[in-house]
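Residue numbers (this note's numbering), protein chains in the order written: chain A, 446 to 618; chain B, 3 to 137.
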Amino acid sequence: MQKIAIAVHGGAGTILRSAMSPEKERHYLNALESAVKVGHHILASGRTALEAVIKTVQYLEDEPIFNAGKGSVFTHEGHHEMDAAVMCGQTLTAGAVAGVRQVRNPILLADEVRMQSEHVLLSGAGAEEFGRERGLIFEPDSYFYDEYRYQQWLEAQRTDTVTLDHTEDRKFG
Amino acid sequence: TVGAVAVDVSGNLAAATSTGGMTNKKYNRIGDSPIIGAGTYAANHTCAVSCTGHGEYFMRAVVAYDVACLMEYKGVNLQQACDYVVKDKLVKQGGEGGLIAVDQAANIILSFNSEGMYRASRLNNESIYSRIYKD
Numbered sequence: 446m447q448k449i450a451i452a453v454h455g456g457a458g459t460i461l462r463s464a465m466s467p468e469k470e471r472h473y474l475n476a477l478e479s480a481v482k483v484g485h486h487i488l489a490s491g492r493t494a495l496e497a498v499i500k501t502v503q504y505l506e507d508e509p510i511f512n513a514g515k516g517s518v519f520t521h522e523g524h525h526e527m528d529a530a531v532m533c534g535q536t537l538t539a540g541a542v543a544g545v546r547q548v549r550n551p552i553l554l555a556d557e558v559r560m561q562s563e564h565v566l567l568s569g570a571g572a573e574e575f576g577r578e579r580g581l582i583f584e585p586d587s588y589f590y591d592e593y594r595y596q597q598w599l600e601a602q603r604t605d606t607v608t609l610d611h612t613e614d615r616k617f618g
Numbered sequence: 003t004v005g006a007v008a009v010d011v012s013g014n015l016a017a018a019t020s021t022g023g024m025t026n027k028k029y030n031r032i033g034d035s036p037i038i039g040a041g042t043y044a045a046n047h048t049c050a051v052s053c054t055g056h057g058e059y060f061m062r063a064v065v066a067y068d069v070a071c072l073m074e075y076k077g078v079n080l081q082q083a084c085d086y087v088v089k090d091k092l093v094k095q096g097g098e099g100g101l102i103a104v105d106q107a108a109n110i111i112l113s114f115n116s117e118g119m120y121r122a123s124r125l126n127n128e129s130i131y132s133r134i135y136k137d
């Protein structure tokens, strides 16, 4: 009998143990486990891997502790630019978006590109226009504001560096 | 960056990745996440892969497709393919990060060369595995 399986990630990097309290660690693990439950429930119901990964990533995008969707970091200009992609192994169809702003769930926009366009990757204002035509939900900048991300950005601006998420002691100038 | 990979009851694979990029990035920089084959890839009979880390390295190494190619062309299993790409090839090039992958037989690989990777998985009705740091 075919087994079902799902795996998720919420980013990688130099995650400092010294900056991780037990409560914070439990919070991250709870969020990851909840995401797995979303996808596993879909798979256990006999639905597709494609639906499982989209709904799981959508869940993670709505979780502000991860750098995606609502939890996206600040750009140099103080905006939030998001990228997303999805690919179906059965059909080899793929959709992706890059540098989109104010889209609540970029993964849903990527899937719209996959399903409803003849293209694979749309970017910037054009991708946003496509998203509006497809009726996706857009949010004001305030939806993406997070005080911790803002402080990260101020520090990066002060030191003129570009930083990976979860990598607090290494910077790329 | 967040991502998910899965195999369903019909043996079909899928991968998805989403990211908010890098703090303080300029010039509309784009990383590997939306690049099919670099940060995200799903094949028909080999594997589905979602990556996270320093995107420029993942793009140059075409990481996600590389894992699938190693399986398809060289016949290695998912574990061997992921270990080679993440812990050998990427490390030699200075790329930090990791990936999650699953194959048609529902083997799950959570591989990274950094201090940690926020990760979790579940196979069938087994209990959920979740970790941040290396085991």
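Quick reminder that beta carbons are idealized off the backbone N, C-alpha and C, glycines included.
The alpha-carbon separation between Tyr86 (chain B) and Ala530 (chain A) amounts to approximately 24 Å. Among the residues of the segment 64-87 of chain B, none has a Cβ less than 7 Å away from any Cβ of chain A. For Phe114 (chain B), DSSP records a beta bridge to B:Gly100. Annotation: the continuous alpha helix (DSSP H) that includes Val93 (chain B) extends over Leu92 to Gln95.
Taking a C-beta cut-off of 7 Å against chain B, the contacting residues of the segment 580-606 of chain A are Gln597, Trp598, Ala601, Gln602 and Thr606, listed in chain order. Closer than 8 Å to the CB of Phe60 (chain B) there is not a single CB belonging to chain A.
Within its own chain, the residues whose Cβ lies closer than 6 Å to the Cβ of Gly33 (chain B), once the five positions on either side in sequence are excluded, are Gly57, listed in chain order.
For Asp556 (chain A), the three-state secondary structure derived from DSSP is helix. Judged by pairs of C-beta atoms under 8 Å, the segment 456-467 of chain A touches the segment 109-122 of chain B, as three or more such pairs exist.
Look at Ser517 (chain A): its C-beta is under 8 Å from a C-beta on chain B. Under a criterion of Cβ atoms nearer than 8 Å, the residues of chain B adjacent to Pro551 (chain A) are, in order, Ser20.
Contact residues of the segment 504-532 of chain A toward chain B are Leu505, Glu506, Phe511, Asn512, Ala513, Gly514, Gly516, Ser517, Val518, Phe519, Thr520, His521, His525, Glu526, Met527, Asp528, Ala529, Ala530, Val531 and Met532 (C-beta to C-beta distance below 7 Å). For Gly55 (chain B), at least one C-beta of chain A is nearer than 8 Å to its own C-beta.
Assignment of Val11 (chain B) by DSSP, reduced to helix, strand and coil, places it in the coil class.
Of all C-beta pairs linking the segment 4-19 of chain B to the segment 531-550 of chain A, three or more are shorter than 8 Å, placing the two stretches in contact. With 16 or more other Cβ atoms from the protein chains shown falling within 10 Å of its own Cβ, Thr48 (chain B) counts as buried. Setting aside the 5 residues that flank it on each side, Arg579 (chain A) is surrounded in the same chain by Leu554, Glu557 and Gln561, each with a C-beta closer than 8 Å to its C-beta; the list follows chain order. The DSSP assignment places complete beta strand (DSSP E) segments of no fewer than 3 residues inside the segment 527-590 of chain A at 527-533, 539-545 and 566-568, in order along the chain. Residue pairing from DSSP places Tyr135 (chain B) in a beta bridge opposite B:Gly118.
Judged by their CB atoms, Phe60 (chain B) and Gly97 (chain B) are nearer to each other than the 8 Å cut-off.
Looking at the DSSP output, Ile449 (chain A) sits in no beta bridge, so it has no partner there. Three or more beta-carbon pairs drawn from the segment 24-41 of chain B and the segment 587-607 of chain A are found closer than 8 Å, and the two stretches are therefore classed as touching.
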